[in-house]
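Residue numbers (our numbering): 36 to 512.
Backbone N, C-alpha and C define an ideal beta-carbon position, used for all residues, glycine too.
Small disclaimer: the values here were computed from a predicted structure and weren't measured.
The next block holds one structure in the form of structure tokens; read it before the comments.
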RNA sequence: CGGGGCGUAGCGCAGCUUGGCUAGCGCGCACGGUUCGGGUCCGUGAGGUCCGCGGUUCAAAUCCGCGCGCCCCGACCA
């Protein structure tokens, strides 16, 4: 057990705060609720960004950039939207030393200003679909903040698409939901549950919202990405109309979807352990760290030379770092890189050189268990294979954790027992009153109605009336 | 905004109850040596608006008042 980090079981929240600071992901800012993302944390975000961006482009979406400031009146055009966001707006009232004619909102999200522009750009059915994404910062004045999970300012991507038919728009929200799910599984090794949000949990201004929900290592749920089918709500509010094939004026159907820097928090809380971070190999800023080990001065050059050679052989295909710092002991470095979550460590000492091998230590398996010798002959094959195994290892561990903390509950008593520790899968009658009562009594909310429904009929976990949907309940971040 | 905790060196803390000498400890940092296959050891040294303002007092980190900030738990949220 580490003395440098609070144990997860002792105080998960404290563990999280400590590891984010100690692993150099981020720091607190002088401005309340904001954060400084440090280079190591930012590189992780860049990896997330690049992988998502690649997928967006593969599905025909393109990037653009819209302004940070939005006229206040834009927000007011969509009733539910403004009601949802009004409490958390940052508003600029002065500029250039003068009071502004109209206050400017610092964007909490960009549906309105993008809607305004879409109205101008879309004239004909030939202009559709319009598939735009932007990478941006947004500001929401939150009551309580936590590094990465909820900060006043955060980074994200927001996709905004416009379509000729509701089916096409729905299809895009589902396409992106699949894309997010694929990203979570294959890059972040987080087994998310894709599903539909309940009416009370959906985005302000949406017809319906989809989500990928992940379970953190304390059993709580984290909404890790959302996609929204906005119907014609914003089209009507912003007059986004086009002429169809029959020369008739129609409103478009729009969507929006986003993943934020919260994803960094999801990675931390999905895989981290009492030694520190455990980063998924495909996202890790450093995939392989090489620690040279020597005892005597005359061994030093020999070992460093071998370490450099290993680095050169791997660095074309992997993100490799050689830790050649002389003032620190090998043992210290082991702990340090474990805390930073580097998925694979290669140790090279005189004994290894003599045997024409290196020692590889997996971050996902403690101590001796995760160590193996790799012959220098098949370095380029064996090391990527080990990284692949780490990905599989943490992914399977995350699934096992999620499944062992998810209960199919048949009674409200079982439900009460389940939600403090994880997810409860239960029938729900679709009535917001039951949902609200459950929240009031247990602090658990409907995380989603999973896409994967068993069908059939059951009894609502709260009121006992006939129910046709299974909902996943949990306490959420 | 309600409840709780905290604010003293870069970080973590002690000292405060019962006011008093030069404000201390661990880690880190700098320098020298020693060590290096799982957080080496020793020595030397640098580093302080004791959160701020006001009050009580011969004397305040310590007592009193007001304010500010941070963290945790709740109500709202990507």
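Give me the DSSP bridge partner(s) of residue i.
i           : result
residue 196 : 166, 290
residue 442 : 459
residue 250 : 256
residue 104 : 141
residue 381 : 325, 395
residue 88  : The partner list for residue 88 (beta bridge, DSSP) is empty, contrary to what the question assumes.
residue 285 : 277
residue 501 : 494
residue 261 : 246, 293
residue 174 : 188
residue 311 : 308
residue 159 : 278
residue 425 : Bridge partners of residue 425: none, in fact.
Residue i: buried (16+ other C-beta within 10 angstroms of its C-beta) or exposed?
i           : result
residue 202 : exposed
residue 36  : The predicted position of residue 36 is uncertain, since its pLDDT is 38 and thus under 50; a value taken from the coordinates is nonetheless stated next. Residue 36 should be labelled exposed.
residue 281 : exposed
residue 55  : buried
residue 153 : buried
residue 387 : buried
residue 502 : buried
residue 535 : Residue 535 falls outside the range modelled here, since the chain spans only 36 to 512, and no answer is possible.
residue 491 : exposed
residue 304 : buried
residue 403 : exposed
residue 284 : exposed
residue 338 : buried
residue 410 : exposed
residue 455 : exposed
Could you give the residue range of the beta strand (DSSP E) that holds residue i?
i           : result
residue 128 : 125 to 130
residue 398 : No beta strand (DSSP E) holds residue 398; DSSP gives it neither H nor E.
residue 276 : 276 to 278
residue 72  : 70 to 72
residue 356 : 355 to 357
residue 338 : No beta strand (DSSP E) holds residue 338; the alpha helix (DSSP H) holding it covers 332 to 349.
residue 406 : 406 to 410
residue 269 : That residue, residue 269, is in no beta strand (DSSP E); its alpha helix (DSSP H) goes 268 to 273.
residue 508 : 504 to 509
residue 230 : 228 to 231
residue 62  : 61 to 63
Skipping 5 residues on each side, what residues in its chain have a beta carbon closer than 8 Å to that of residue i?
i           : result
residue 43  : 50, 252, 253, 307, 308, 309
residue 376 : 58, 306, 307, 311, 312, 313, 314, 319, 398
residue 494 : 462, 500, 501, 502
residue 41  : 49, 50, 53
residue 186 : 68, 69, 70, 177, 180, 296
Going along the chain, which residues of its own chain have a beta-carbon closer than 7 Å to the beta-carbon of residue i, five neighbours each way excluded?
i           : result
residue 151 : 109, 273
residue 63  : 70
residue 365 : 326, 328
residue 263 : 208, 238, 241, 244, 290, 291, 292
Within the continuous alpha helix (DSSP H) that includes residue i, where are the two ends?
i           : result
residue 469 : 467 to 477
residue 53  : 47 to 57
residue 150 : 146 to 156
residue 482 : Premise fails: residue 482 lies in the beta strand (DSSP E), 480 to 485, not in any alpha helix (DSSP H).
residue 306 : 297 to 306
residue 211 : 201 to 221
residue 453 : 447 to 453
residue 116 : 114 to 120
residue 370 : 365 to 374
Please go through the same chain and pick out, in chain order, the residues whose beta-carbon is closer than 6 Å to the beta-carbon of residue i, but skip the five residues on each side of it.
i           : result
residue 172 : 188, 190
residue 119 : 239
residue 437 : 226, 250
residue 341 : 383, 388
residue 166 : 95, 96, 196
residue 100 : 169
residue 453 : 442, 444, 459
residue 47  : 253
residue 175 : 123, 143
With hydrogens ignored, establish whether the beta-carbon of residue i is closer than 7 Å to any heavy atom of the ligand MN.
i           : result
residue 464 : This structure lacks the ligand MN, and indeed carries no ligand of any kind.
| Touching or not, the segment 234 to 247 and the segment 187 to 197, by the rule of three or more beta carbon pairs under 8 Å? | Output reads no: the segment 187 to 197 does not touch the segment 234 to 247.
| said: Taking 8 Å as the cut-off, does the segment 310 to 330 touch the segment 269 to 286 (at least 3 CB pairs, one atom from each stretch)? | reply: At 8 Å Cβ cutoff, the stretches do not touch.
| request: Pair every Cβ in the segment 251 to 271 with every Cβ in the segment 214 to 231, then say whether three or more of these pairs are closer than 8 Å. | output: Enough Cβ pairs lie closer than 8 Å, so yes.
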